[in-house]
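Working notes, structure below.
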Amino acid sequence: MTREPLPDAGPPARAADLRLAGEWLAQHDLAGARPTPLLASRLAVRRRARLAAQIILAVLILASALAAALGGFPPHRPLPLLALTVLVAGLLLAQSLLDWWVRRVDQRAGATLSRRAAHLIQPGWRAVLGQPYAVFAVATFAGGVVLAGSALAVPDPTVRQLAVILLIGLLGVTAIIVMQLRHLLRHPVVAEDEKSLTADVIMRVEDARDLTTPNVQWSLPMVLLFGTAPGWWSAAAVAYLILGLVACVALHARTPSSATVARRAMSVR
Numbered sequence: 005m006t007r008e009p010l011p012d013a014g015p016p017a018r019a020a021d022l023r024l025a026g027e028w029l030a031q032h033d034l035a036g037a038r039p040t041p042l043l044a045s046r047l048a049v050r051r052r053a054r055l056a057a058q059i060i061l062a063v064l065i066l067a068s069a070l071a072a073a074l075g076g077f078p079p080h081r082p083l084p085l086l087a088l089t090v091l092v093a094g095l096l097l098a099q100s101l102l103d104w105w106v107r108r109v110d111q112r113a114g115a116t117l118s119r120r121a122a123h124l125i126q127p128g129w130r131a132v133l134g135q136p137y138a139v140f141a142v143a144t145f146a147g148g149v150v151l152a153g154s155a156l157a158v159p160d161p162t163v164r165q166l167a168v169i170l171l172i173g174l175l176g177v178t179a180i181i182v183m184q185l186r187h188l189l190r191h192p193v194v195a196e197d198e199k200s201l202t203a204d205v206i207m208r209v210e211d212a213r214d215l216t217t218p219n220v221q222w223s224l225p226m227v228l229l230f231g232t233a234p235g236w237w238s239a240a241a242v243a244y245l246i247l248g249l250v251a252c253v254a255l256h257a258r259t260p261s262s263a264t265v266a267r268r269a270m271s272v273r
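Just so you know, we're using our numbering here: the sequence shown kicks off at 5 and counts up by one.
Below is the structure:
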């Protein structure tokens, strides 16, 4: 007699992904939950997207250093500057496609469920992101804009051209982050029971916190203008980076874990 597949079996998952999903559940005090193929696929795509995002950042740094090594960005040689502009735009587009990939996997996972968890919640921005992380993200953006604006005031045309690229890059990555946060707050919960509902909220919180880690915002000023702009600007960029790192470490050390935040959100539904 043939066995029919379970309706909630979810997408196929590799044994390694299932094992890592079990470890993730244990790390978030959900050791009693079963690592399902649905959860394994959602966690796997997030791991791969984060790895790809780190590669994108490394490409940006290496390309900027290479462009500078090939002669800098003199006004009579606009090709390196144009190439770097196209690269920054392309990398931002690649990041947005990565985010779309993660959302697509979540949507397909949700479509496999024949039932949803009872008493669904839709956590707001205070639960998903939290006020400290929101303030940190706004302060990071403001600091980057101030750096770009101050470089625009430098009379050197090369510095001003790079400042325009920096400003465009900051605005582009901020727009992507806002779109991602909007999706995290609005997309339906992918859960079929209480434990998978908790796991879904935990993933939302982790995704939101990952978004507010300003890797691009810290890297762009350093790779584009450090050493090219005046000394006072380079000192300000280093201070911006150090203060941001200190604030980021303090946030991670003093704020509750994603599992704690998720359980608090669940307790008030």
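All C-beta atoms in this analysis are idealised placements derived from N, C-alpha and C, irrespective of residue type, glycine included.
For Leu-133, no alpha helix (DSSP H) run applies, since DSSP gives it neither H nor E. Here the segment 191-209 makes no contact with the segment 153-170; the two share fewer than three CB pairs at distances below 8 Å.
Exposure of Ala-157 is indicated by the presence of fewer than 16 other C-beta atoms within 10 angstroms of its C-beta. Under the three-state reduction of DSSP output, Phe-140 falls in the helix class.
The residues Val-109, Asp-110, Ala-113, Val-194 and Met-207, in chain order, have a CB closer than 8 Å to that of Arg-46 in the same chain once the five nearest residues on each side in sequence are set aside.
Taken through DSSP and simplified to helix, strand or coil, Glu-210 comes out as helix. Here DSSP, grouped into helix, strand and coil, assigns Ser-261 to coil.
Apart from the 5 residues on each side of it in sequence, Trp-222 sits with its Cβ closer than 7 Å to the Cβ of Leu-245 and Gly-248 in its chain, given in chain order. Taking the Cα positions, Pro-41 is about 13 Å away from Leu-29. Between Leu-174 and Leu-224, the CB-CB gap stays under 8 Å.
Shortest Cα-Cα distance from Ile-65 to any of Arg-51, Leu-88 and Val-177 involves Leu-88.
If you look at Asp-21, you'll find it in the alpha helix (DSSP H) that goes 19-31.
When DSSP assignments are scanned along the segment 180-225, the uninterrupted stretches of alpha helix (DSSP H) that are 4 or more residues long and fall wholly within it turn out to be 198-215. Gln-165 and Gly-26 have their C-alpha atoms spaced approximately 50 Å apart.
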